[in-house]
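Heads up, the thing below is written out as structure tokens.
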Amino acid sequence: MKNKKQKKEYVNNEMLLREIRRSKERGELTPEALNLIIKIVDRLTNNKMIYLDQMDKDDCYSEAIYQVLKNWDKFDETKSDNAFSFFTQVIKNGLAIGWNSIHKLNRKQIIRIDYLKEKD
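Residue numbers for the sequence shown, in my numbering: 20 to 139.
Here it is as structure tokens:
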């Protein structure tokens, strides 16, 4: 039986947790922490999400980075030591905020077709 090749982790939780601890001590994100977070954003935007327009992708990417920069210090390691999960969720929320801000749907502008049909 062949040995299965183990996937190399693109971001290790322990490395990310260590960098977040350093960042909290400094009061700002370390460059290494930011690089790890950017790897997560890259992976999600390039492998998990599908964008028809490159500008939409760039806008969502920027919003995800913004949300991380805004919320990175809210990670509480006393509640959980899974920094990877926390930041992945912040990034997903940022991507959703970016997408929803681009593709706003005003429900008042929707016209139902069945109301337009003439009654017989």
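Even for Gly, the Cβ is constructed at its ideal location relative to N, Cα and C.
For residue j and residue i, the rounded distance between their alpha carbons
i	j	result
Gly-113	Asn-90	10 Å
Pro-50	Asn-65	22 Å
Tyr-140	Ala-102	In this structure the chain extends from 20 to 139, so residue 140 is not present and cannot be described.
Ile-121	Phe-106	23 Å
Leu-48	Ala-115	23 Å
Leu-36	Asp-100	7 Å
Ala-52	Asp-72	29 Å
Asp-77	Asp-92	24 Å
Buried/exposed call for residue i, threshold 16 Cβ in 10 Å
i	result
Leu-55	buried
Ile-42	Looking at the sequence provided, one finds Ser at residue 42 rather than Ile. Label assigned to Ser-42: buried.
Lys-123	exposed
Nearest candidate by alpha-carbon position, reference residue i, set the options
i	options	result
Asn-119	Val-30, Cys-79, Arg-40	Cys-79
Glu-6	Asp-61, Asp-95, Phe-94	The chain is shown only over 20 to 139; residue 6 falls outside these bounds and no answer can be derived.
Met-74	Tyr-29, Leu-36, Gly-117	Gly-117
Glu-96	Ala-52, Ile-39, Asn-31	Ile-39
Chain-order list of residues whose beta-carbon lies under 6 Å from that of residue i (same chain, five-residue window excluded)
i	result
Val-87	Ile-56, Val-109
Same chain, Cβ closer than 7 Å to residue i, neighbours up to 5 away in sequence not counted
i	result
Ile-59	Val-30, Phe-106, Thr-107, Ile-110
Met-68	Leu-114
Cut-off 8 Å between Cβ atoms - residues of its own chain near residue i, not counting five sequence neighbours on either side
i	result
Glu-44	none
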